[in-house]
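In this note's numbering, the protein residues as written are 230 to 442. Where a beta carbon is used, it is the ideal one built from N, C-alpha and C, also for glycine. What follows is a set of notes on a single structure, which appears directly below.
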Amino acid sequence: MHIFHNTYIPQSTFCDAHIPRSAFPDAHIPRSTFETKFFSLFVFPSWFLKLPIASSHNYKVCPNRRDSVIMAKWILFCCLFVTFDHLSRAQKYNITQSGPAVLNRNLTLSITIPDMKRPVVWKCHNYKYECDRTCANGTDYKVIHSGDTSKLWIRKVTNKCSTWKFEDDNLNIGRIDLEIKNPKPELSGSRPLRTLEIVEIILGILSLAAILV
């Protein structure tokens, strides 16, 4: 049996080529229509009407149009079933943060999903940071993966990336909208007085009072 994978197929191998009846020995002809359909669906599902389902030097099995339509519907049904099955099992999980999100400060986001499946990806707009066999390890963003937990380390929190999304290979998702706070301004030139400085000021005042008396 010949299976074609992106290779050149001679014209004589197509089903529209004339093949004499003697090329199909009775011993090789399927015994029932059910066997033909079963063979076409599970052994070699042909994607083109003119391609044979199976062939050899002595015989060739070709699908008719009705069987091809049934086969296409069956493949479409299987694809839709798998897609909806994944979507039905997918759930949304919470993303936690290591502390308050402060502008231009570092922060770590974390998510835990039972049976988390790689590859996983953290997203912010068009930026993606993935972890499969290796994890993203840049100067500004790092992905740390351990078991069912994935973490994203952010060197500097920015207003541009205030919303982060997470997704694993099982289509489980997570989302967080950071409430970014501005850093507290530091008053230049002002600091609390130390005890020694306070004592020196008091002694200076007492000395000045003694002189005046």
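query                                                                                                                   : result
Ser379 versus Glu429: straight-line alpha-carbon distance, rounded                                                      : 56 Å
Same chain, Cβ closer than 8 Å to Pro443, neighbours up to 5 away in sequence not counted                               : Residue 443 is absent from the structure shown; the chain starts at 230 and stops at 442.
Whole-angstrom distance between Leu400 and Thr392, CA atom to CA atom                                                   : 19 Å
Within 8 Å, strictly: CB atoms of Ile324 and Ile427                                                                     : no
Range covered by the beta strand (DSSP E) that runs through Ser339                                                      : 336-341
Three-state secondary structure assigned by DSSP to Ile430                                                              : helix
Neighbourhood of Asp182 by C-beta distance below 6 Å, restricted to the same chain and skipping five residues each side : No statement about residue 182 is possible, as the shown extent of the chain runs from 230 to 442 and does not include it.
Those residues which DSSP pairs with Asn323 across a bridge                                                             : Arg404
Exposure of Cys367, with buried meaning 16 or more beta-carbon neighbours within 10 Å                                   : Reading off the sequence, residue 367 comes out as Gly, not Cys. So Gly367 ends up on the exposed side.
Assigned exposure category for Asp361 - 16 Cβ within 10 Å defines buried                                                : exposed
Strand pairing of Trp303, partner residues [DSSP]                                                                       : DSSP output for Trp303 lists no bridge partner at all.
Rounded C-alpha distance that separates Ile258 from Ala301                                                              : In this prediction, Ile258 has a pLDDT of 46, which is less than 50 and means its spatial position is unreliable; what the coordinates show is noted afterwards. Roughly 23 Å between the two C-alpha positions.
Outcome for Phe395 when other beta-carbon atoms lying within 10 angstroms are tallied against a minimum of 16           : buried
Cys390 (DSSP reduced to helix, strand or coil)                                                                          : coil
First through last residue of the beta strand (DSSP E) which encompasses Lys469                                         : Shown here, the chain extends from 230 to 442; a query on residue 469 therefore has no answer.
CA nearest to the CA of Leu332, picked from Leu425, Leu435, Ala365, Lys413                                              : Lys413
Where Tyr356 falls, given that 16 or more other Cβ within 10 Å makes a residue buried                                   : exposed
Proximity to Gly328 [Cα-Cα], best of Cys307, Val350, Leu407                                                             : Leu407
Residues that Ile373 bridges to, as DSSP identifies them                                                                : Lys380
Same chain, Cβ closer than 6 Å to His374, neighbours up to 5 away in sequence not counted                               : Cys360, Cys364
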